[in-house]
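Student: Anchor point for the sequence shown: position 111 equals 111 in this note's numbering, and the numbering is continuous, going up by one each time. This is the structure I want to talk about, given as structure tokens.
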Amino acid sequence: MNLKDFLLPVIAIVLSVFSCSQHPDITETVFGDSLYLANIPPQPGEETWKFIEELQLPLWTKHAWQPSHPNDRQADLSEGITVKKNFPDPGQLLETAWVDLENFMEAGGVKSSEGKYIIESVPAPDIEGEAFRLKITKEGCKIFAGETEGIRRGIFTLEDEMLKAKGPFLPIKTIEKKPV
Numbered sequence: 001m002n003l004k005d006f007l008l009p010v011i012a013i014v015l016s017v018f019s020c021s022q023h024p025d026i027t028e029t030v031f032g033d034s035l036y037l038a039n040i041p042p043q044p045g046e047e048t049w050k051f052i053e054e055l056q057l058p059l060w061t062k063h064a065w066q067p068s069h070p071n072d073r074q075a076d077l078s079e080g081i082t083v084k085k086n087f088p089d090p091g092q093l094l095e096t097a098w099v100d101l102e103n104f105m106e107a108g109g110v111k112s113s114e115g116k117y118i119i120e121s122v123p124a125p126d127i128e129g130e131a132f133r134l135k136i137t138k139e140g141c142k143i144f145a146g147e148t149e150g151i152r153r154g155i156f157t158l159e160d161e162m163l164k165a166k167g168p169f170l171p172i173k174t175i176e177k178k179p180v
């Protein structure tokens, strides 16, 4: 038996018998930071949690959009939108994103049904994962994606573009994004 084979078990036994505590006077087992959390006052009751009410408020209430007109390189959505949900969504995974778009448009004073501008979701097998492509024209916008997460990201990108434009306008262009 060599010295290495002898010392390793001896060191393991010594370490398990003697505590490595920073407080040598404490011999009981302490889990995590329970020793240091002993002096923290109790948490307030749920009835005092004001943030719960705030979380339940709608995200979009009223956009501070000033009356303006689109420029030549923007599509105008001010006369309302019509959404065509052509992307298969049997589990209704996109429902909250579509409702968010409706609420977003209504907060900007734009009708979210039976409008002139068409927003259409389209399956695109060549696009993978959460990636998407937006093809924005004067008449409408198509959101291409291979999966529901791509459509969701496309919807929120439309909202972001309108926030950047400070009005119900979209830049006429194709936007392609592939999240990492």
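Using N, Cα and C, we set each Cβ at its ideal position, and we do this for glycine too.
Does DSSP put Pro74 in a helix, in a strand, or in coil?
Tutor: In the sequence shown, counting from the first residue as 1, residue 74 sits at position 74. First, the amino acid is wrong: residue 74 is Gln here, not Pro. Strand, per DSSP.
Student: Where does Glu161 land, buried or exposed, given buried means 16+ other C-beta within 10 angstroms?
Tutor: Residue mapping note: residue 161 aligns to position 161 of the sequence shown, counting from 1. Glu161 should be labelled buried.
Student: Taking Cβ positions, are Phe169 and Leu77 nearer each other than 9 Å?
Tutor: Here residue 169 corresponds to residue number 169 of the sequence shown, with the count starting at 1. Here residue 77 corresponds to residue number 77 of the sequence shown, with the count starting at 1. Yes, Cβ-Cβ distance for Phe169 and Leu77 is below 9 Å.
Student: Look up Phe169 in the DSSP assignment and say whether it is helix, strand or coil.
Tutor: Taking the sequence shown and counting its residues from 1, the one referred to as residue 169 is at position 169. Looking at Phe169 - three-state DSSP - the assignment turns out to be strand.
Student: Spatial neighbours of Lys62 within its chain, please: C-beta separation below 6 Å, excluding the five flanking residues on both sides.
Tutor: Taking the first residue of the sequence shown as position 1, residue 62 is located at position 62. Same-chain partners within the cutoff: Ala107.
Student: Just to confirm my understanding: we take Gly129, look at its own chain, exclude 5 residues before and 5 after, and list those with CB closer than 8 Å. What are they?
Tutor: Stepping through the sequence shown from its first residue, residue 129 is reached at position 129. The residues Gly146, Glu147, Glu149, Gly150, Lys178 and Pro179, in chain order, have a CB closer than 8 Å to that of Gly129 in the same chain once the five nearest residues on each side in sequence are set aside.
Student: Residue range of the alpha helix (DSSP H) that Thr96 falls in?
Tutor: In the sequence shown, counting from the first residue as 1, residue 96 sits at position 96. Unbroken alpha helix (DSSP H) run through Thr96: Glu95 to Ala107.
Student: Since Trp60 and Asn103 should fall inside the 8 Å C-beta cutoff, what is the C-beta to C-beta distance between them, to a whole number of angstroms?
Tutor: By one-based count along the sequence shown, residue 60 stands at place 60. By one-based count along the sequence shown, residue 103 stands at place 103. Between Asn103 and Trp60 the Cβ distance is about 5 Å, and since that is below 8 Å, they are a contact.
Student: Per the DSSP calculation, Thr82 is bridged to which residue(s)?
Tutor: Counting from 1 along the sequence shown, the entry for residue 82 is found at position 82. Per DSSP, Ile118.
Student: For a test of the three-state rule: what should DSSP assign to Phe144, helix, strand or coil?
Tutor: What you label residue 144 is simply residue 144 of the sequence shown in a count that begins at 1. Under the three-state reduction of DSSP, Phe144 is assigned to strand.
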